[in-house]
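Asks: Here this note's numbering is used: the first residue of the sequence shown is 158, the next is one more, and so on.
Ideal placement from N, C-alpha and C gives every residue a C-beta, glycine not left out.
Quantities reported herein were computed from a predicted structural model and do not represent experimental measurements.
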Amino acid sequence: YSVDDDGHYQFSCQHGPSECYGNRVQACALAELSDNLDLQVEFVNCAMSSANSSTSGPLCASKLGVDYSPVQECVDGTTGDQLTVYNGNRTTSFSPKYAYVPWVAING
């Protein structure tokens, strides 16, 4: 990621902007569902099974009976930026470095 002259984050992902958006949705959903590991796993599984990352968030939330509005607020706001930066920093700090995608890290 980078920060532009106006202080806004610019993110880039291997598969383009739609992947970045999907990552952001998942990060916000995981934060919103932080007290329910089962729902976190179900949400990510649903989102990763969707062909369209721009609609997967609301659809998966509805399927799981989760209120999507706090997730959308996160996605649209600075919390979404902060979570995306945090996850990006975690990814680049993996040891050993990731070599391909997807890369699974357990307790790391």
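1) Three Cβ pairs or more, each shorter than 8 Å: is that satisfied between the segment 193-210 and the segment 238-247?
2) Counting C-beta neighbours from all protein chains within 10 Å, is the total for G234 16 or more, i.e. buried, or is it exposed?
3) Quick test of your reading: L221 and F251, contact by CB under 8 Å. State the CB separation rounded to the nearest angstrom.
4) Use the C-beta contact count for G173: other C-beta atoms within 10 angstroms, 16 or more gives buried, fewer gives exposed.
5) Quick check on Y225: buried or exposed, where buried means 16 or more other Cβ atoms within 10 Å of its Cβ?
6) Expressed to the nearest angstrom, what Euclidean distance is found between the alpha-carbon atoms of S219 and K254?
7) Between the Cα of A204 and the Cα atoms of C231, V242, A184, N193, which residue gives the shortest distance?
Replies: Let me spell this out:
1) Cβ pair count under 8 Å is below three, so no.
2) On the sequence shown, position 77 is the one that residue 234 refers to. Under this definition G234 is an exposed residue.
3) Locating residue 221 in the sequence shown gives position 64, counting from the first residue. Locating residue 251 in the sequence shown gives position 94, counting from the first residue. By a beta-carbon distance limit of 8 Å, L221 does not contact F251. Their separation comes to about 29 Å.
4) Here residue 173 is taken as the residue at index 16 of the sequence shown, counted from 1. Answer is exposed; the Cβ neighbour count stays below 16.
5) Within the sequence shown, the letter at position 68 stands for residue 225. Of the residues assessed, Y225 falls on the buried side of the cut-off, its CB having 16 or more other CB atoms within 10 angstroms.
6) Residue 219 sits at position 62 when you count from the first residue of the sequence shown. Residue 254 sits at position 97 when you count from the first residue of the sequence shown. One Cα belongs to S219, the other to K254, and the distance between them is close to 36 Å.
7) As a first step, residue 204 must be located in the sequence shown, where it is residue number 47. Per the C-alpha coordinates, the member of C231, V242, A184, N193 positioned closest to A204 is A184.
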